[in-house]
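If you read the protein sequences in the order shown, they are chains A and B.
Just so you know, we're using our numbering here: the first sequence kicks off at 1 and counts up by one.
Just so you know, we're using our numbering here: the second sequence kicks off at 1001 and counts up by one.
Input: a single structure, listed below in structure tokens.
Protein chains: 2
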Amino acid sequence: MRTHELVLQWIEKQISDGELTLGGRLPGERAMAEQLQVSRTSVREAVRILEAMGVVRAGVGSGKDAGTVVIAEPGTALGSTLRLHVATRHLPVADIVETRVLLESWAAKRAKAGTPALEEGAELLDEMDAGPDVGTFLALDSRFHVALAQAAGNAVVSAMMASLRGAIENYAGELTRNLPNWEATSMRLRAEHRAILAAVNTGDGAGAAELVASHITGFYAEAGVAPDHAEH
Amino acid sequence: MRTHELVLQWIEKQISDGELTLGGRLPGERAMAEQLQVSRTSVREAVRILEAMGVVRAGVGSGKDAGTVVIAEPGTALGSTLRLHVATRHLPVADIVETRVLLESWAAKRAKAGTPALEEGAELLDEMDAGPDVGTFLALDSRFHVALAQAAGNAVVSAMMASLRGAIENYAGELTRNLPNWEATSMRLRAEHRAILAAVNTGDGAGAAELVASHITGFYAEAGVAPDHAEH
DNA sequence: TAGGGCATGTGGTCTGACCACATCAAGTAG
DNA sequence: CTACTTGATGTGGTCAGACCACATGCCCTA
């Protein structure tokens, strides 16, 4: 077993045993190296991996943001991983979109009305109506979809859904330039968002799920991405 | 931007541009370091991250298995990440199970009869009937479920489903020790597998989906895991 | 009292060295 | 001529030690 994997194992055990909890600080790299009798290099490789997994965040200097602290950002980490695999052509973009539809439809159906996440979602829609530029619009759109997923109360689905979005974020940005009429599209998307939120809030889960599905597939279809398996 | 992130970016670009493809070899660490004018340390940290992402595999020595080659194993990588996040208590095991049900039900519904993956699944079921020990049984079970997911033809769903399973693999192993009667459970599981496969092969997607859902929830319920949201 | 400046401790990077390993080629003994 | 040994080569893995940039907080000075 390689040395850095040993360090990784040790840190994972600390977390599993509750010695290290969310927001907690890891020992300094030099201290860990000495404690585990390994070089700082190996410790750093382990930390780097954990950072890539979204489990820790490393900060220089001293004080509040310094040191290596335990965080919980599976979404961004999974997103980066998926993005790389899309780059290798092993994961087709169409499959990403299809999975998004699957997860978000489920989330819409299960979303509980009156959740704080839904209230935040409503505010986001207001901001999107205020006429921001395309980039801001997409960012707000992303947060709205994540909020919707969170309202279903399943952290794994939320994380995966966010990661799928993140994996093709740049790609989606490119797509908006293919749209014939952004203003018209924006207006349609906003109306669809309102309809989805209304369906969720009135307890029409099935309806919300269908609206979400057509909302997502509609966007990618308009932008020129044909899902391979859309009609199966 | 940190140096190793720069290296990461460079490698990702090589992949995106098709300069590096699946099975291809990265330049040696020393060569990359010189080419990018960075230290070997930084190159190694980048490679380590890619390895954790399941994008490359590093091998020592010389010859076929040597050097750093591009692979595509998103499943194991995502699994490790999820496992760590489960350890931080940020992702509840119940949510993992619930998501498994969601993805596998979908896959069962969409699975195409006559796929090579399904034939492999049938062979796996035969092996499970041969009466292996518990560990082997669980490994075969895992492969059967993955094969089922693959038959749906969505690589992202397959990868995520495999990762969910991997994230709680050890946990599931512990659970088997809680079972009152392993022989009886094993027999039931094998019968359910046959029923699922039969439903898929006869084109009864909806039926297969229901069977899969009860198959999974049934196992965890018997082993003592109560899904938080099972009945919503 | 208010300000500057240094001590401290963090992660980030670099250098150069050595190791284990696997292959392959050259040389040598049969 | 064959078969085996031996060394050269190149890979990733690890290590020790140094220096840097940065952020804080204490201490000393004006």
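We treat Cβ as the ideally placed atom computed from N, Cα and C, and that holds for glycine.
This one's a predicted model, so the numbers in the text were calculated from it and none came from an experiment.
- Across the structure, residue 1144 (chain B) and residue 1208 (chain B) are spaced so that their CA atoms are roughly 14 Å apart.
- Here residue 81 (chain A) carries a helix assignment [DSSP, helix/strand/coil].
- Taken through DSSP and simplified to helix, strand or coil, residue 1110 (chain B) comes out as helix.
- The beta-carbon separation of residue 95 (chain A) and residue 1181 (chain B), rounded to 40 Å, does not stay under the 8 Å limit for a contact.
- Interface criterion met: the Cβ of residue 16 (chain A) is under 8 Å from a Cβ in chain B.
- If you draw a 10 Å sphere on the C-beta of residue 109 (chain A), you find 16 or more other C-beta atoms in it, and that means buried.
- In the displayed model, residue 1031 (chain B) falls within a helix according to three-state DSSP.
- With three or more CB-CB distances shorter than 8 Å, the stretch 98 to 115 of chain A counts as touching the stretch 150 to 169 of chain A.
- Cβ-Cβ distances below 6 Å link residue 59 (chain A) to 65 and 66 in the same chain, with the five nearest sequence neighbours on each side left out; the list follows chain order.
- Not one beta carbon of chain B lies nearer than 8 Å to the beta carbon of residue 188 (chain A).
- With respect to chain B, the C-beta atom of residue 216 (chain A) has no partner C-beta closer than 8 Å.
- Of all residues in the stretch 154 to 167 of chain A, the ones placed with a Cβ closer than 8 Å to any Cβ belonging to chain B are 154, 155, 156, 157, 159, 160 and 164, in chain order.
- The beta carbon of residue 1129 (chain B) lies closer than 7 Å to those of 1190 in the same chain, with the five residues before and after it left out.
- In this structure residue 1086 (chain B) does not touch residue 1024 (chain B) by the C-beta definition: roughly 34 Å separates them, more than the 8 Å allowed.
- In the structure shown, residue 1068 (chain B) falls within a strand segment according to DSSP collapsed to helix, strand and coil.
- Chain-ordered listing is empty here: chain B has no CB closer than 8 Å to the CB of residue 118 (chain A), the nearest sitting near 15 Å.
- Excluding its 5 nearest sequence neighbours in each direction, residue 199 (chain A) has C-beta neighbours in its own chain below 7 Å: 207, 208 and 211, listed in chain order.
- Under a 10 Å Cβ-count criterion, residue 1053 (chain B) is classified as buried, with 16 or more other Cβ atoms of the shown protein chains found around its own Cβ.
- Counting along the chain, residue 1058 (chain B) sits inside no alpha helix (DSSP H); it lies in the beta strand (DSSP E) bounded by residues 1056 to 1059.
- Listed in chain order, the positions of the stretch 1026 to 1056 of chain B with a beta carbon within less than 9 Å of a beta carbon of chain A are 1041, 1044, 1045, 1046, 1048, 1049, 1050, 1051, 1052, 1053, 1054 and 1055.
- According to DSSP, residue 1025 (chain B) shares a beta bridge with B:1069.
- At least one C-beta of chain A is nearer than 8 Å to the C-beta of residue 1081 (chain B).
- Interface residue (Cβ-Cβ distance to chain B less than 8 Å): residue 96 (chain A) is classified as such.
- In the structure shown, the three-state DSSP call for residue 1145 (chain B) is helix.
- When C-beta atoms of the stretch 1042 to 1050 of chain B are compared with those of the stretch 15 to 22 of chain A, fewer than three pairs fall below 8 Å, so the two segments do not count as touching.
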